[in-house]
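Scroll down for the structure; my scribbles are underneath it.
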Ligand code: UTP
């Protein structure tokens, strides 16, 4: 089955890290977000990937070719960021009329993918949330979806759409999105996938739902770090204790760490240098240099140089933040 992964967005909420790279390639628990998504899909039997690219799209294309040389990957460019519905619709020729699976390029879901992909109907991955007002929400009746609503003021249920969809009736989705785009029907300024799904329902398509075990959104700084913590907790490769390292942590083999305490929940990228530091809950990018710092809840970009900071930092690639202090 083909998987469609929309990854064209500009990722404004993750600036400065998305000033020079796409959100889907930001590192979490030792590999890009997109790497986690594709690896899970390959395990589930997906054998072809279509990526919607746009913002920093060439970086996504080059990364996919290098990371998955044997996998058929087609990149389709979304010329303008007109919403998720538009992104998916852009891929209609690359996907064709066969059933396909769609998952957002900033969403990692831990679920029984094989069961989800085996559903005989169109199937939407959902999760119960306390406050569904900022999500797409499904209303159910007798085990089938009655209605989809995007960010409802008064939610008809607490089942949030997590961003993973099995679409068996692809031609009906294309027909629905053709109409939405032709009539310029936008919700909050964008062509919404939820509106396309709602139109499919009105056309008589049947949708079921599958609750997912875990759902990690990487769209904001806090959720990016939260996802990093959860994936490290579940990663046997991160569990090894070592002198000065409180697991779970992932330290690249060629990183140079001296006179420092790391962890829990620290990732140190390739070629990074850490000296005289105490780091917890922090991602240090490839080639970064961190000296005399006590950091928690921090994101340090690639090749950034940081020194003498006690607290929480959010520093983009190639930036420098240096204080002449000795910490800890
Ligand atoms: P978001 O709504 O999170 O948008 O998109 P974004 O641009 O990535 O991030 P912010 O809101 O500016 O911080 C959810 C997913 O849908 C894709 C994004 O790449 C992301 O994987 N998307 C969204 C597209 O591919 N095209 C679009 O027009 C919109």
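In our numbering, the protein residues as written are 1007 to 1334.
Think of the CB as a built atom: it goes at the ideal place given N, C-alpha and C, for glycine as much as any other residue.
It should be emphasised that the depicted structure is a prediction, and the values quoted were computed from it without experimental measurement.
Checklist entry - Just to check, is the beta-carbon of residue 1012 closer than 6 Å to a non-hydrogen atom of ligand 1? => result yes
Item to check | Alpha-carbon spacing of residue 1100 relative to residue 1083, whole angstroms | outcome: 11 Å
Checklist entry - In whole angstroms, what is the alpha-carbon distance linking residue 1141 and residue 1045? => result Between residue 1141 and residue 1045, the C-alpha separation is close to 26 Å.
Next on the checklist: Taking the beta carbon of residue 1008 as the centre, do at least 16 other beta carbons fall within 10 Å, making it buried, or is it exposed?
Outcome noted: buried
Checklist entry - Who are the near neighbours of residue 1260 in its chain, counting only those whose CB is closer than 7 Å to its CB and skipping five residues on each side? => result 1276, 1277
Next on the checklist: List, from N- to C-terminal side, the alpha helix (DSSP H) runs of 4 residues or more that fit wholly inside the segment 1165 to 1189.
Outcome noted: 1176 to 1188
Item to check | Whole-number beta carbon distance between residue 1202 and residue 1165, since they are thought to touch under 8 Å | outcome: The pair is not a contact, with the Cβ atoms about 19 Å apart (cut-off 8 Å).
Next on the checklist: To the nearest angstrom, how far is the alpha carbon of residue 1310 from that of residue 1023?
Outcome noted: 11 Å
Checklist entry - With DSSP run on the structure shown, which of helix, strand or coil describes residue 1302? => result DSSP, read as helix, strand or coil, puts residue 1302 in strand.
Checklist entry - Apart from the five residues just before and just after residue 1282, which ones in its own chain have a Cβ nearer than 7 Å to its Cβ? => result 1265, 1266, 1297, 1298
Checklist entry - Helix or strand or just coil, what does DSSP make of residue 1013? => result In this structure, residue 1013 counts as coil in the three-state DSSP scheme.
Checklist entry - Going straight from the alpha carbon of residue 1091 to that of residue 1169, what length do you get? => result 12 Å
Checklist entry - Do three or more CB pairs link the segment 1155 to 1165 to the segment 1102 to 1109 at distances below 8 Å? => result no
Item to check | Closest residue to residue 1315 among 1025, 1330, 1307 (Cα-Cα distance) | outcome: 1330
Item to check | Residues that DSSP places opposite residue 1264 in a beta bridge | outcome: 1281
Next on the checklist: I need the straight-line Cα distance from residue 1096 to residue 1159, nearest angstrom please.
Outcome noted: 30 Å
Checklist entry - From residue 1027 to residue 1065, what distance separates their C-alpha atoms? => result 7 Å
Next on the checklist: Going by beta-carbon coordinates alone, are residue 1244 and residue 1231 separated by less than 7 Å?
Outcome noted: no
Item to check | Cβ-Cβ distance between residue 1198 and residue 1122 below 7 Å | outcome: no
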